[in-house]
Amino acid sequence: MKILVSLFSIFLMLNISHSAISQPPIPLNESTGEAEYIDVIPVDGVKASELYERIDHWYNNFFVNPHSVIQERDEEGNTIHGRHNMTVYNEVDGVQVRFGQIRYNINVMARDGRYRYEINDIIVVQRPRTPIHELLDPDSPHKNRNFN
Numbered sequence: 007m008k009i010l011v012s013l014f015s016i017f018l019m020l021n022i023s024h025s026a027i028s029q030p031p032i033p034l035n036e037s038t039g040e041a042e043y044i045d046v047i048p049v050d051g052v053k054a055s056e057l058y059e060r061i062d063h064w065y066n067n068f069f070v071n072p073h074s075v076i077q078e079r080d081e082e083g084n085t086i087h088g089r090h091n092m093t094v095y096n097e098v099d100g101v102q103v104r105f106g107q108i109r110y111n112i113n114v115m116a117r118d119g120r121y122r123y124e125i126n127d128i129i130v131v132q133r134p135r136t137p138i139h140e141l142l143d144p145d146s147p148h149k150n151r152n153f154n
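In terms of the working numbering, the sequence shown opens at residue 7 and continues consecutively.
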């Protein structure tokens with residue numbers, strides 16, 4: 007019996023730790039409270055024009071239809087602005103059910119020796135349209151439609 011209780015405890019701890027690991031926290035902007043991902047990546051010794059070419063290559067190879075994603079190319083400013091939609095599914099009673107779509111902006115800017123990416127304006131498109139940070143807030147009126 008002690009072995010069974012020990013195994014159950016280990017299983018429970020692994021399950022809880024797996025849940026914590028598999029769902030990383032979404033970073034929120036301190037002033038707006040909205041979800042956003044922003045980072046600057048150093049790339050020593052690479053000119054902004056070369057980084058712009060790499061960014062353009064990434065957009066063209068990462069997205070299935072890059073022409074529908076890219077909203078603006080600024081070759082002089084070494085910047086590409088994009089807007090993307092992706093379908094999200096949720097599991098209900100063991101069946102994959104369409105949850106909605108996630109719509110977001112993805113902007114990448116290059117400077118000599120570094121580039122910056124911003125993923126923001128993240129919206130869950132359902133009925134009604136809901137900003138993702140509202141689904142994460144336990145006090146939100148949309149809490150019954152969250153990802154859990």
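Just so it is clear, CB atoms sit at the ideal spot from N, CA and C, and this is done for glycine as well. Treat the numbers as computed from the prediction; the structure is a model and nothing was measured.
Since residue i contacts residue j with CB under 8 Å, what's their CB separation in whole angstroms?
i	j	result
Y123	N84	Between N84 and Y123 the Cβ distance is about 13 Å, and since that is not below 8 Å, they are no contact.
P31	Y43	No, P31 and Y43 are not in contact; Cβ-Cβ is about 12 Å, not under 8 Å.
H87	N66	Not a contact, Cβ separation roughly 15 Å.
Counting only the same chain and skipping the five closest in sequence on each side, list residues whose C-beta sits under 7 Å from that of residue i.
i	result
F105	V94, Y95, N96
V131	G106, Q107, R109
In three-state terms, what does DSSP make of residue i?
i	result
I138	helix
D99	coil
V94	strand
P72	helix
I128	strand
D45	strand
D145	coil
Using the beta-carbon count (16 or more within 10 Å), is residue i buried or exposed?
i	result
V70	exposed
E140	buried
I47	exposed
Have a look at the options and flag the residue whose alpha-carbon is nearest the alpha-carbon of residue i.
i	options	result
S51	A116, D127, I128, I112	The amino acid at residue 51 is misidentified as Ser; the sequence shows Gly. Selected option, being the one with the closest Cα: A116.
E81	N111, I125, D62, A41	D62
I129	V101, D145, M92, V46	M92
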